[in-house]
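**Student:**
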Amino acid sequence: MSFRPGSILALPLCGLLATGASSGTPAPGSLRDIGHVVIFVQENRSFDHYFGTLRGVRGFRDPSAPGGRDGRPDLYQTGDGGFVLPFQAGLPCLEDVAHDWTSGHDAWNGGNWDLWIKAKGATAMAYYTRAQLPFHYALADAYTVCDAYHCSAISPTNPNRLYVFTGTLDPGGRGGGPVIDNQESPSGYHWTTYPERLQAAGVSWKVYQQGDNFDDNPLAWFSPFQRAVPGEPLHDRGMARETDLVAAFARDVKAGSLPQVSWIIAPSDRSEHPPYSPESGARLTRELLQALAGSPAVARSTVFMLTYDENGGFFDHVPPPVPPPGTPGEFVHGEPIGLGVRVPMILVSPWTRGGYVCSQVFDHTSIIRFLEAWTGVREPNLSPWRRKICGDLTTAFDFQRPDFSLPVLPSAEPVFCPGGTKPQVPADQTLPAQEPGQKPARALPYQLNGNARIDRTQGQVQLSLSNAGAQAANLAICPSPDRPGDPWPLEVDPGGTVQAAFATGPGGDYDFTCYGPNGFRRRFAGTGAAGGGVEVSSRIDPRQGTFQVILNNGTRGPVTFTLKANAYRGDGPWTRVVAAGGSVTETFHPVRHGQGWYDLTATVDSDDRFLRVLAGHIETGQASVTGL
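Taking the working numbering, I'd label the letters of the sequence shown as residues 66 to 693.
1) Taking 9 Å as the threshold (C-beta atoms), are Asp-664 and Pro-128 in contact?
2) Just list the alpha helix (DSSP H) runs in the stretch 430-459, keeping only unbroken ones of 4 residues or longer that don't cross its boundaries, in chain order.
3) Measuring alpha carbon to alpha carbon, tell me which residue in Gly-147, Gln-687, Arg-452 and Asn-618 is nearest Phe-675.
4) Excluding five sequence neighbours on each side, which residues of the same chain lie with their C-beta closer than 7 Å to the C-beta of Thr-486?
5) Among the residues of its own chain, which have a CB less than 6 Å from the CB of Leu-404, if the five just before and after it don't count?
6) State yes or no: is the beta carbon of Asp-113 nearer than 9 Å to at least one beta carbon in chain C?
7) Just to confirm the assignment, what range does the beta strand (DSSP E) spanning His-658 have?
8) List the DSSP bridge partners of Cys-543.
9) Inspect the beta-carbon positions of Arg-608 and Gly-646 and report whether they are closer than 9 Å.
10) For Asp-317, count neighbouring C-beta atoms within 10 Å of its own C-beta (all shown protein chains included) and say buried if the count is 16 or more, exposed if not.
11) What are the partner residues of Asn-278, as DSSP defines its beta bridges?
12) Determine the contact status of Gly-169 and Val-557, defining contact as a CB-CB distance below 9 Å.
13) In the DSSP output, what is Met-410 paired with across the bridge?
14) Which partner residues of Trp-270 appear in the DSSP bridge assignment?
15) Go to Val-229, then tell me how far its alpha helix (DSSP H) extends in each direction, as first and last residue.
16) Does the distance from the C-beta atom of Arg-302 to that of Val-106 stay below 9 Å?
17) Restricting to Cα atoms, I'd like to know which of His-201, Gly-100 and Arg-351 is closest to Pro-409.
18) Taking buried to mean at least 16 other C-beta atoms within 10 Å of its own C-beta, is Asp-520 buried or exposed?
19) Could you tell me whether the stretch 531-543 touches the stretch 576-588, where touching means 3 or more Cβ pairs closer than 8 Å?
20) Restricting to runs no shorter than 4 residues, where is the alpha helix (DSSP H) found entirely within the stretch 144-212?
21) Assuming Leu-198 and Pro-343 form a contact by the criterion Cβ under 8 Å, report the distance between their Cβ atoms to the nearest whole angstrom.
22) Residues in the same chain with beta-carbon distance under 6 Å from Ile-402, minus the five sequence neighbours each way, listed in chain order, please.
23) Thinking C-alpha only, which one of Ala-196, Val-103, Tyr-115 and Asp-145 is nearest Ser-476?
24) Do you know offhand how far Gly-146's Cα is from Ile-605's?
25) Taking only three categories from DSSP, how would you classify His-215?
26) Just to confirm, are Val-422 and Thr-209 a CB contact at a threshold of 9 Å?
27) Once you ignore the five residues that flank Gly-637 on each side, which residues in its own chain have a CB closer than 8 Å to its CB?
28) Would you identify the three-state DSSP class for Arg-518, choosing helix, strand or coil?
29) Determine the extent of the beta strand (DSSP E) in which Ala-566 is found, giving its start and end residues.
30) Tyr-115 lies in the beta strand (DSSP E); which residues open and close that run?
31) So Val-162 packs on Lys-185, CB below 8 Å; how close in whole Å?
32) Does the stretch 487-496 come within contact of the stretch 455-472, defined as at least 3 CB pairs closer than 8 Å?
33) Which residue comes first and which comes last in the beta strand (DSSP E) that contains His-603?
34) By DSSP's criteria, Val-106 is part of a beta bridge. Which residues make up the other side?
35) When we look at the beta-carbon of Pro-151 and count the other beta-carbons within 10 Å, is it buried (16 or more) or exposed?
36) Quick check on Glu-400: does DSSP put it in helix, strand or coil?
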């Protein structure tokens, strides 16, 4: 097929304004308004490492941060003789951190997410703030940052870059894989890449790279590209190197010959890979964006994606979604490929202006999915599980209300790094702070709920998880610190319900927590023998914007229930006496009073261990704001 850029290129050039100006109210549009997609994948930084302190994202103040084995948030990572909390790096040139397949899976630890120090060392916990990353923070404030974007594999660079360019690391070994490290096949890999599919479909594309490309162009690892010679498209578009990639990119932008799809490969010292500095990478990003801004007709039709191939061993507090055991195409040597650790993703375009946050689950295959939606060129390498769990990035865009103004961004001065430095863990450790306030948030395709019922006869906690949204959700059921076992992944299809049962412990004790996208959390704890006759359940009505809490008393005497707001409300607590065999429904209005957010705890006087925590967000299909 042949693809034609969207109609936005036909708009007159008059009225296209310079930095900081506004262009008025354009006509509503769609994906077809995009003329170019530029994909810039930098190196080895996690989301918390860069943006854990950024206002309004799921960072260090996350109220739904998973709990560790010791009952504290997983920000407390066990170290020699104590713990290590995330701490400010204070240095632009950090030492490299282990980021191989083995250390990554060791830190993951079956989903317990608690062996980061043992697997990678204390430098993994270092992070930056706005003071150290002014350009990155300003860019996130001006456009849209995705705070649930994960790299694709719990692995180093090469497997993740293969996901960016091909949608797979070949887990079945049919094309020279599986690729789980940075070793490369001497004879070249031989499965089909996405650039080859674009070539066959008549979609223009190019890789911009210099002589020093840090070996970050995965096309060079494939036999068809290795065999290509000058004059052939696979060589000229995928292998040729420029003396100056920024100059080459700017030349094509100015000439109106920028391909429909571009990938940019940074040279080593501007890649942001430790020990190279974030500032040097920021300077490169700024130069590329300046090249686009120099040609307004191109800038107003371009999507520029800035992300990172993997976390580089740096800690992030959100454990990634992983598939249930046995999921086809998602395991190597019995271990899950991914999803990997969260990494930054900033979407720069007229349709992502305004400092929004998008919290849908994405990974590197989401980039290909976005290209699929735009060009119609399908990538069959993507596993069904990735298509089910990860979005295609379109929810982060508002094509009805583009904003063609350009922000004023701070300068970015390169910092030369002769080598990496090991930061010192502070003697007096404190939980890291996060900038106060919220950000505007994109609507998400999830509407999750979860309720439990105690079956004392069977000695079970029976759990029902539902999803009234349009996108499948991956959930993790985590046992309490005193119960053995790893987190259990569950998936709830759109409009579906999943039932699960857990055995209670001695004396009927139970305590487990369910975590899901965008801070969804349900904790169920109690003593079945004493409190099996009482239950607290919930019901969500997105149309009315209500969250109902149903207090059920199946015992032979009255029970006092107490509801307490943990966040988003300043009133309460609420105490209700429910008669034997009775039920009381309390209705809350999170959409009216809290932009859709709720976070409540319920207890009863008949069982001092009974606890229900109900937290999440009601989606109305409209933009809202982020949580705390």
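For glycine and all other residues, C-beta sits at the position ideal for the given N, C-alpha and C.
**Tutor:** In this structure, then:
1) yes
2) 449-454
3) Asn-618
4) Leu-156, Cys-158, Leu-159 and Glu-160
5) His-215, Pro-385, Pro-386 and Asp-428
6) Of the chains in the structure shown, none is chain C; there is only one protein chain.
7) Unbroken run through His-658 is the alpha helix (DSSP H), 655-659; no beta strand (DSSP E).
8) Thr-578
9) By the CB criterion at 9 Å, Arg-608 and Gly-646 fall outside the cutoff.
10) buried
11) None; Asn-278 has no bridge partner.
12) no
13) Thr-372
14) Val-326
15) 222-231
16) no
17) Pro-409 has its Cα closest to that of His-201, out of His-201, Gly-100 and Arg-351.
18) exposed
19) yes
20) 166-173, 181-185 and 199-207
21) 6 Å
22) Only residues of its own chain outside the window of five on either side were considered, and among them Ala-218 and Glu-395 have a CB closer than 6 Å to the CB of Ile-402, listed in chain order.
23) Ala-196
24) 45 Å
25) strand
26) yes
27) Closer than 8 Å at the Cβ level, and outside the excluded window around Gly-637, lie Leu-628, Lys-629 and Ala-630.
28) strand
29) 561-568
30) Premise fails: Tyr-115 lies in the alpha helix (DSSP H), 112-116, not in any beta strand (DSSP E).
31) 5 Å
32) no
33) With the sequence shown as reference, residue 603 is identified as Ser, and His is not the correct amino acid for it. Residues 599-606.
34) Thr-372
35) buried
36) strand
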